[in-house]
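Reading through the structure tokens given below for one structure.
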Amino acid sequence: MTEGRGLFITFEGGDGSGKSTQMRLLAERLRREGRQAIETVEPGGTRIGDQIRRILLDSRNQDLRATPELLLYFASRAQNVEELILPALERGAIVLSDRFTDSSMAYQGYGRGLGDEAVLALDRIACHGLEPDLTLLIDIDHETSIGRARARQLSPSETRMDEQAAEFHARVRQAYLKMAEREPRRFRTIDGQADPETVALAVWEAVNPLVSRLHV
Ligand code: TYD
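Numbering (numbering that gives the first Met the number 0), first residue to last: 0 to 215.
Set out below in structure tokens:
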């Protein structure tokens, strides 16, 4: 385990991959098994993070440049790490995060073309060496992603990232798949196109061995 005595599990994937639903299902299952599960989300997770999230996802902010965008995602993350994640891990909790640094790598590093050096440098400042023990990549293809995003009918204040070109989302997906290939011990790639129960089972099979090694 990277930090403290708990377990840090992150969910990653393209927009509409169903990872948020899967994270909720996992949290419920862990609690049924008597585990302490803390849920967080990025951008957001804290009061400060929620304020930063509003800037990042507001469709009126089309003039937000790539570098300040990257810094804002990491500002939200730094607050989340210091205020919520590290203290919870020290208490021995299982922390589940809907997105973490891998999102910045996929969306800003590769999607926006800022490169991995900038992302790694900010990670060192913001995360104090914290790395996920397990990252679940819920993978879906672009058509499924678009279909699900339309069905959700988000409000304009939540759509800035969803309005990116298809080519941008294709780059993000390829980046995720490459990252998972490069770090097979940390990543599990799960087919997000299957029905939610099947995905939940695959998630549980990946998580259970780590959880059973934790003392209660
Ligand atoms: P959100 O509405 O939470 O979507 P999702 O359910 O897909 O997670 O919006 C988060 C958006 O922010 C999403 O498009 C991915 C993007 N994002 C980045 O570009 N970089 C990051 O570091 C993070 C955490 C998110």
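Using N, Cα and C, we set each Cβ at its ideal position, and we do this for glycine too.
The structure presented is a predicted model; accordingly, all values stated were derived computationally and were not measured.
Residue i: CB within 7 Å of a non-hydrogen atom of ligand 1
i	result
Met178	no
Separation of residue j from residue i, as counted between CA atoms
i	j	result
Glu82	Leu129	13 Å
Asp122	Glu68	14 Å
Phe186	Gln61	33 Å
Leu113	Ile54	20 Å
Leu95	Arg59	30 Å
Asp115	Ile47	26 Å
Thr1	Asp132	Its pLDDT being 47, under 50, Thr1 is placed unreliably in this model, and the value from its coordinates should be taken loosely. Near 7 Å, if we compare the C-alpha coordinates of Asp132 and Thr1.
Thr188	Lys177	11 Å
Ala105	Ala205	22 Å
Glu182	Gln173	14 Å
Gly33	Gln163	41 Å
Leu209	Trp203	10 Å
Glu27	Leu71	30 Å
Arg212	Leu63	44 Å
Arg31	Arg151	29 Å
Cβ pair residue i, residue j closer than 8 Å
i	j	result
Gln35	Ile93	yes
Tyr175	Leu136	yes
Ser16	Gly191	yes
Leu88	Gly12	no
Ser144	His127	no
Val198	Gly110	no
Met160	Asp14	yes
Phe7	Ile124	no
Distance between beta carbons of residue j and residue i, contact taken as under 8 Å
i	j	result
Asn79	Glu41	6 Å
Q: Pull every residue with its beta-carbon under 5 Å away from any heavy atom of ligand 1, and keep them in chain order.
A: Around ligand 1, the residues selected by a Cβ distance under 5 Å to any of its heavy atoms are Asp14, Glu41, Tyr72, Arg98, Ser102, Ser103, Tyr106 and Met160, following chain order.
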